[in-house]
Each structure stands twice: as C-alpha cells, then as structure tokens.
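Mind the numbering: the sequence shown is residues 11 to 210 in the working numbering, read in order.
Backbone N, C-alpha and C fix where the C-beta goes; we use that ideal spot for every residue, glycine too.
Just so it is clear, the structure is predicted and the values come from calculations on it, not from any experiment.
One structure is given below, encoded as structure tokens.
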Amino acid sequence: MATTVLHIDSSIFGGAGVSNQLGQHLIANIEARGEELNVTHRDLSVEPVPHFSAETITQIGEGKAELADTLIAELIAADVLVLAAPMYNFAIPSSLKAWFDHVARAGTTFKYTENGPVGLLKDKKVFVLTTRGGVHLGAASDTQSAYLKTMLGFLGLNDVVFIYAEGLNMSGDSREQAISKAQAEIHSHVQQLRFSEEAA
Ligand SMILES: Cc1cc2nc3c(=O)[nH]c(=O)nc-3n(C[C@H](O)[C@H](O)[C@H](O)COP(=O)(O)O)c2cc1C
C-alpha cells in the first residue's frame with residue numbers, strides 16, 4: 011500500500027526557499043527507500059490560503075467551506091505530514107498560520123470534552139523542517155517550536171520530529187553547515203521510519 015504524504019511549503023521564496031529544498035530532500039530520501047508514495051504538495055506561496063474569517067465560519071456552518079474541507083481531507087488522508095516552516099519575524103509564516111486556522115475544526119480534527127480538548131487526528135508521523143537566518147533553538151525567541159508542538163498536539167499529532175537549519179544568514183560557512191546537518195538528520199530519521207507494511 012502506498013504511503014500518503016502531505017507536503018506543505020510556506021516559504022515566500024517558493025522553490026528557492028531552503029525549507030522547500032529540505033522538504034524535497036526528505037521526500038527524495040523516503041523514495042530512495044523504495045517506498046511507493048502518494049504525495050500531495052501544497053505550496054502556500056503559490057496557492058495562498060486566505061485569512062480565516064467570520065465568513066469562513068458561516069461557510070462551515072452552511073457546509074460550503076470548500077477550501078477548508080479540502081485542506082482537512084488532505085490532512086486526514088496523510089500518513090506522513092511534512093511541514094516546511096521558515097522563521098519569519100520569530101514565528102511561522104502567516105500563510106502557514108492560515109492553513110492551521112482552516113484545518114482546526116471542532117468535531118472533525120479536534121473535539122471538546124469535559125476534560126478539555128482532544129485531538130482527533132491519529133497515526134501520523136510529522137516532520138517539521140524549520141529554517142532560520144539566526145540561531146534561536148532553546149531561546150525565548152523560538153516561538154515556533156512551542157507553537158507548533160501545541161498546535162499539532164491539539165489536533166492529536168504527537169509524533170513530531172523537528173529538524174532545524176539555523177544560522178542560514180550568518181557569516182562564514184554557517185549556511186552550508188546548517189543545511190548539511192539538517193540533511194543528515196533527515197536521512198537518519200527517514201532510515202528509522204516504519205511503513206505500514208513493515209509494521210503489520
Ligand atoms: C520576512 C522575513 C522575516 C525573517 N525573520 C527572521 C527571524 O525572525 N529570525 C531569523 O532567524 N531569521 C529570520 N528571517 C530569515 C529566514 O528565516 C531565513 O532566510 C530562512 O532561510 C528562510 O527560510 P526559507 O529560505 O525556506 O524561506 C526572516 C526572513 C524573512 C524574509
């Protein structure tokens with residue numbers, strides 16, 4: 011059975027973005043394992059998701075929120091989610107925030123219970139590829155990691171691997187080193203991936 015991958019890009023630079031390239035690298039590594047893949051690719055710089063609005067809520071209520079429904083269906087269908095998330099102004103790109111706003115839907119991707127919210131998405135491996143001009147890991151300026159862990163966990167996605175490429179805009183060979191390190195981590199994580207047939 012093919013593995014379904016949902017690959018979300020959010021760099022404003024499209025294919026030239028380092029995060030896009032790391033996402034491609036990850037998918038190429040999975041393919042190199044001989045795994046049959048069914049990849050859905052969304053580049054939010056090419057096809058932006060609009061801001062979530064009161065109108066979107068009305069459309070959801072009327073069963074006419076076509077885009078949000080499609081984004082949710084793509085997410086539910088995925089076995090592996092690849093999120094390419096550059097750091098822009100200490101946060102994720104606004105395009106990626108808009109994507110999250112559209113896929114978080116009560117009763118579909120999470121539900122409220124008397125013990126608080128419970129995520130309804132299950133059994134998905136998530137890779138977050140985050141690229142940064144500076145170095146933020148472990149510092150208060152890294153608002154991305156906590157946000158993404160919380161947001162993904164809220165939807166039930168707790169099997170999350172973060173791969174960081176930091177110092178991309180710093181002097182010397184910082185950029186090349188960061189990219190090589192991220193590529194090596196990708197390779198190592200992909201080697202450890204277990205696909206459905208192996209797990210059966
Ligand atoms: C609008 C904008 C804001 C940025 N803000 C930050 C930032 O807050 N911290 C940081 O370390 N780098 C920042 N950068 C640098 C990017 O994180 C870096 O260039 C990274 O490679 C972007 O990933 P991408 O190539 O996939 O777009 C910013 C870049 C842009 C274009």
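Mind the definition here: the stretch 46-66 touches the stretch 117-134 only if three or more C-beta pairs lie below 8 Å; say whether that holds.
-> Short answer: they don't touch.
Determine the burial state of N216: buried for a count of at least 16 other Cβ atoms within 10 Å of its Cβ, exposed for fewer.
-> The displayed coordinates of the chain run from 11 to 210. Any statement about residue 216 would go beyond what the structure contains.
Report buried or exposed for D19, applying the criterion of at least 16 other Cβ atoms within 10 angstroms of its Cβ.
-> buried
If you scan the stretch 122-183 from start to end, which runs of the alpha helix (DSSP H) of 4 or more residues do you find wholly inside it?
-> 153-164
Report yes if the CB atom of V90 is closer than 8 Å to the CB atom of T13, and no otherwise.
-> For V90 and T13, yes; Cβs fall inside 8 Å.
Exposure label - R43; buried when at least 16 CB within 10 Å = exposed
Would you list, in sequence order, the uninterrupted alpha helix (DSSP H) runs of no fewer than 4 residues that lie entirely inside the stretch 14-98?
-> 28-42, 64-71 and 76-87
Does ligand 1 have even one heavy atom less than 7 Å from the beta-carbon of M97?
-> yes
Identified DSSP bridge partners for A116 = F120
D169 and V136: beta carbons closer than 8 Å?
-> yes
Can you tell which of E45, A149 and V92 has the C-alpha that lies nearest to the C-alpha of R204?
-> With distances taken between Cα atoms, R204 lies closest to E45.
Does DSSP put A12 in a helix, a strand or coil?
-> coil
Taking the C-alpha atoms as reference points, what is the distance between A1 and N125?
-> The question about residue 1 has no answer, for the chain in this structure spans 11 to 210.
Check Q202 in the structure and name its three-state DSSP category.
-> Secondary structure at Q202: helix, using DSSP grouped into helix, strand and coil.
Cβ-based neighbour list, S151, same chain, cut-off 7 Å, excluding 5 preceding and 5 following = Sequence-distant Cβ neighbours of S151 in its own chain, meaning closer than 7 Å and more than five residues away, are F100.
Is T153 near ligand 2, with its Cβ less than 7 Å from a heavy atom?
-> With respect to small molecules bound, the structure shown includes ligand 1 and not ligand 2.
Report whether the distance from the Cβ of F100 to the nearest heavy atom of ligand 1 is below 7 Å.
-> yes
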